[in-house]
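In our numbering, the protein residues as written are 1 to 106. Cβ atoms here follow ideal geometry from the backbone N, Cα and C, with glycine treated the same way. Heads up: the structure comes next, in structure tokens.
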Amino acid sequence: MSFAFLKASQGKSYRDKTFIGNAQAARAVGVLVGAYHYLDDSAKTPEDARKEAANFVSAINSAEGIAAFDLPPVMDYESNKSGLSKAELTAVARTFRFHANDVLFL
């Protein structure tokens, strides 16, 4: 295994309790590390997406910041149980991406 994407966060407040330890352990054995956020079905508006992005940014920062990661941050957006339209899904995804990137790469 040469790289791993580790779950950092989900939704507006969930943080994976094993994220920091998993990142440290992966680095210790020479595995390239990236982090991902699971954008869940509670994100129905761009404002919800901003809150989820803030949770992800906070998780990344708690793990020594974006510079501590070898791979770019990733958004996992795989469900639409809320029945959002394609335009609404796109608005949520774009808002998350731009908000997270703006904060992480300042």
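- For residue 62, the enclosing alpha helix (DSSP H) covers residues 46-62.
- For the pair of segments examined, the segment 53-62 was found to touch the segment 7-20: the number of CB pairs separated by less than 8 Å reaches three.
- Around the beta carbon of residue 69, 16 or more other beta carbons lie within 10 angstroms, which makes this residue buried.
- The way I'd put it, the segment 81-95 doesn't touch the segment 15-35; fewer than three beta-carbon pairs between them come closer than 8 Å.
- DSSP, read as helix, strand or coil, puts residue 41 in coil.
- In the structure shown, residue 7 falls within a strand segment according to DSSP collapsed to helix, strand and coil.
- It is roughly 36 Å from the alpha-carbon of residue 1 to the alpha-carbon of residue 86.
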